[in-house]
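Enquirer:
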Amino acid sequence: MDSHEQYEELCALAASGQASKAELTDLQSHAEECSNCRGLMYDFTQVSAQALSVLAAKRSDFQIPHGMTQRFIARAHSEGIDMTRTASPKGMKPDWHFPFRFAGICTAAAALLVVASVVSLLIVKPKFSGLRAERGHIDSPQLPTTSAMHSESAQAQDMHFQEQLAAARAELNSMAATIKAQHAELESADQNLSSLDSRLAEAGQRNADFQSERTERETRIKQLETELEKSKTEKNADDVALALQESELRALRKQVTDEAEALQEQQALAARGSDVRDLVVARNLHIVDVRDNENQKAFGRIFYTEGKSLIYYAYDLADPRKVDAKVSFYVWGERLGSEKPIRSLGILHSDDVSAGRWVLTFDDPKVLAQIDSVFITVQPSGKPVREPQGPRRLFAFLGDKPNHP
Amino acid sequence: MDISDCALEKLICSPSLLRTLSDAQLMAALRKGCNDALAVLFERHSALVFRIARSIVRDDGEAEETVQRVFLDVFRAAKQFNPGRASFKTWLLQYAYHRSFNRREHLHVNGFYSSDELDELASGELFYGSLPAQEVLCLVEQVLSILDPRQRKVIELTYFEGWTAEEIAGQTGDSASSVRHNLYRGLAKLRSVLLETQRVQERATAVSKIEVKGMPLGFSRTV
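Chains as they are written, first to last, in this note's numbering: chain A, 5 to 409; chain B, 9 to 231.
Next up, the structure:
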């Protein structure tokens, strides 16, 4: 690398901030004499400042410090540069009335643009003409042919500008009046907004109260639902217990019924056993067998204990499958040769259907003392029977001596 | 309500109207004594200046201090600004870049970039002419992508991360002198591409002007 190329490299390093203090001093003294390096240094600085650093800024994610503009305005104030604090929109508080004010601002801006065009011709243009002269870009004015023509033209132009200015001012006054009216509307809208804010706050409070009440009610409903669920569970348990108890009760009732029936049977058996015992041990027992003259199949057996009881068993009085419920078999007693009336001893009851057996037990000693024979008649059922009707069947005489023992 | 000339000037200097003006118009307003124009310029460009300063000084507070100093100096040198030579943004970035390096201690002590340079910059022009800024950025990105990887890395670490040559050498394992040479070669390539593009653009513009001039009446062409 030759000497000049070293300085070229130094130009690049200086432009990128990578040159040392000694190198910069060396480069400065060289550049004073070398226009090529001065140009190169300038080019590298522009590449760095205008392209690479802007690219770096685009790619960076550095956060802009909050309030930087406000701090700058404050510092500018402190250094004697007066600026209105509203110069930066970022320094302003959020404006809730923006939509209302925006119309006014737009109107004012439109008015200003109209006026600015006129003002630029009357005021600004002459002042900027000096700047143009500095830059060497002076416009080529048309040279007037005579001074009179120039004067007339200037007066005419002046008149024209005056008219334009007057028209612009009139328009601006009109727009100012509009702005004032819109300002009044804005104030009215502000008041309405305040009222609405107040109502909104009240509504919000009411809503909060409703929400609170609703929450309480929902809590209470949940409590009640829990209690109801608990009660249902308990009721189900009670229903089950009740069903069990009813089942047990039915079983107990059946058991009682069965036991009662068994007891009745035992009592009946005991009674029969007692009757049989009485018969077996009776001293004056008549056992009489009789046959029916008309129905050779039918027969009877009478156990008669004098002055005490009479048991009449009748067999095959009728076909058990054809027993007519419309008729009953009555047993009658009488004393033969006496005029005493015939006594009814009762109706034979079916004792054993499969055996074709009927039975009557009679134990009235007074009646037994008044009779010495018995017989059976077939009488219609359902009618009061006072005396025997129809043929006498299975007649037995009891007036003989006891044949047992 | 009657509007006086004084009131008219106040209205022109109102913040809402100022924000509709171009940078050059704002500088003109600033020279006429409308200080609020400075606030609008600050609002418009301070973020970019801050990011540039931040990548160089690598400290938020130092970067904000640099931003404030840049715009205060812009206010004081407003009369030196010549919109016919360079745009306000070009002028501002050049100065912001110098200012940021001045915040680095050794440059500050050395005074390599004097604060008076703002006046000199006011008359400076871009060496690559009037290429649109966005086009220049695209071009630089394209050149970066085709650079030798070592050159590209050195440029990125220098400009995007704010590293010194020694820091880059420590990170890449190259010597500091190699890093510096790569930086030089990369910047030289960028400069030559921009110059060549500018030349091509100028030739194309000249040809278009000739063609338009030679067209029959009644025809027009966008140049």
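C-beta: ideal position from N, C-alpha, C; glycine also.
In three-state DSSP terms, what is D213 of chain A?
Expert: Per DSSP, reduced to three states, the secondary structure at D213 of chain A is helical.
Enquirer: To which residues of the same chain is E12 of chain A closer than 8 Å at the C-beta, ignoring the five residues directly before and after it?
Expert: C41, L44
Enquirer: Given 8 Å as the limit, is there contact between the stretch 92-109 of chain B and the stretch 55-70 of chain B, that is, 3 or more CB pairs closer than that?
Expert: yes
Enquirer: Which of the three DSSP states, helix, strand or coil, is assigned to A318 of chain A?
Expert: strand
Enquirer: For a contact defined as C-beta to C-beta under 7 Å, what are the partners of L96 of chain B on chain A?
Expert: One detail in the question is off: residue 96 of chain B reads as Phe in this sequence, not Leu. Here the premise fails: no neighbours, minimum Cβ distance about 13 Å.
Enquirer: Are any of the Cβ atoms in chain B nearer than 8 Å to that of Q74 of chain A?
Expert: no
Enquirer: Would you please state the rounded distance, in angstroms, between the beta carbons of G311 of chain A and V335 of chain A? I believe it to be under 8 Å.
Expert: The pair is not a contact, with the Cβ atoms about 18 Å apart (cut-off 8 Å).
Enquirer: Going by Cα to Cα distance, which pick from A:F307, A:E238, A:V378, A:A158 is closest to P406 of chain A?
Expert: A:F307
Enquirer: By Cβ distance below 8 Å, which residues in the same chain neighbour K352 of chain A in space, the five residues on each side in sequence not counted?
Expert: Going by the sequence as given, residue 352 of chain A is Leu instead of Lys. If we look at L352 of chain A and ignore the five residues flanking it on each side, its Cβ neighbours are Y316, A318, L321, S332, F333, Y334, V335, W362, V363, L364, I380.
Enquirer: Roughly how many angstroms lie between the CA atoms of S95 of chain B and T213 of chain B, to the nearest whole one?
Expert: 20 Å
Enquirer: Starting from S377 of chain A and walking both ways along the beta strand (DSSP E), at which residues does that stretch end?
Expert: Going by DSSP, S377 of chain A is part of the beta strand (DSSP E) stretching over 377-384.
Enquirer: Quick one: using the 10 Å Cβ neighbour count with 16 as the cut-off for buried, is P369 of chain A buried or exposed?
Expert: exposed
Enquirer: Which residues, in chain order, does the stretch 188-214 of chain A contribute to contact with chain B at a C-beta distance below 8 Å?
Expert: none
Enquirer: Quick one: give me the first and last residue of the beta strand (DSSP E) that V294 of chain A is part of.
Expert: 289-295
Enquirer: Leaving aside the five residues before and after A274 of chain A along the sequence, list all residues of the same chain whose C-beta is less than 8 Å from its C-beta, in chain order.
Expert: For A274 of chain A, same chain residues with a beta-carbon under 8 Å away, outside a window of 5 residues either side, do not exist.
Enquirer: Give the residues of chain B in contact with D86 of chain A, contact being defined as C-beta atoms less than 8 Å apart.
Expert: D86 of chain A reaches chain B at N43, counting residues in chain order whose Cβ is nearer than 8 Å.
Enquirer: Tell me the residue span of the alpha helix (DSSP H) that contains L372 of chain A.
Expert: L372 of chain A -> alpha helix (DSSP H) spans 369-373.
Enquirer: Of all Cβ atoms in chain D, is any one closer than 8 Å to the Cβ of S30 of chain B?
Expert: In summary, chain D is missing from the structure at hand, where the protein chains are A and B.
Enquirer: Classify R199 of chain B as buried or exposed, calling it buried when 16 or more other Cβ atoms lie within 10 Å of its own Cβ.
Expert: buried
Enquirer: State yes or no: is the C-beta of A184 of chain B within less than 8 Å of the C-beta of P91 of chain B?
Expert: no
Enquirer: Here's the rule I'm using: 16 or more other beta-carbon atoms within 10 Å means buried, otherwise exposed. How should A16 of chain A be labelled?
Expert: buried
Enquirer: Distance cutoff 8 Å, beta carbons only. Does S133 of chain A sit that close to anything in chain B?
Expert: Note that S133 of chain A scores 36 on pLDDT, short of 50, meaning its location in the model is unreliable; the coordinates nonetheless yield the value given after this. No - not a single Cβ of chain B is within 8 Å of the one on S133 of chain A.
Enquirer: Taking contact to mean 3 or more Cβ pairs, one atom from each stretch, closer than 8 Å, check whether the stretch 382-401 of chain A and the stretch 293-300 of chain A are in contact.
Expert: Yes, since at least three Cβ pairs between the stretch 382-401 of chain A and the stretch 293-300 of chain A fall closer than 8 Å, the two stretches touch.
Enquirer: Under the three-state reduction of DSSP, which class applies to S20 of chain A: helix, strand or coil?
Expert: coil
Enquirer: Looking at C-alpha atoms only, which residue of B:A104, B:K97, B:V48, B:V162 is the closest neighbour of E70 of chain B?
Expert: B:A104
Enquirer: G350 of chain A lies in the beta strand (DSSP E); which residues open and close that run?
Expert: For G350 of chain A, the enclosing beta strand (DSSP E) covers residues 347-351.
Enquirer: Please tell me whether I60 of chain B and A55 of chain A are closer than 8 Å, where the distance is taken between their beta carbons.
Expert: no
Enquirer: For the stretch 52-78 of chain A, list every residue whose C-beta sits within 8 Å of some C-beta in chain B, in sequence order.
Expert: S52, A53, Q54, A55, L56, S57, V58, L59, A60, A61, K62, R63, S64, F66, I68, P69, M72, T73, R75, F76, I77
Enquirer: Could you tell me the alpha carbon to alpha carbon distance between E83 of chain A and Q166 of chain A, rounded to whole angstroms?
Expert: Taking C-alpha positions only, E83 of chain A is separated from Q166 of chain A by approximately 41 Å.
Enquirer: According to a CB-to-CB cut-off of less than 9 Å, which residues of the stretch 197-214 of chain B neighbour chain A?
Expert: L198, R199, L202, L203
Enquirer: Which first and last residues belong to the beta strand (DSSP E) in which S332 of chain A is found?
Expert: 331-338
Enquirer: Once DSSP output is grouped into helix, strand and coil, what is the label at D242 of chain A?
Expert: helix
Enquirer: Mind pulling the chain B residues with CB within less than 7 Å of Q22 of chain A?
Expert: Near Q22 of chain A (Cβ distances below 7 Å), the residues of chain B are T166, T172, A173, R188, L191.
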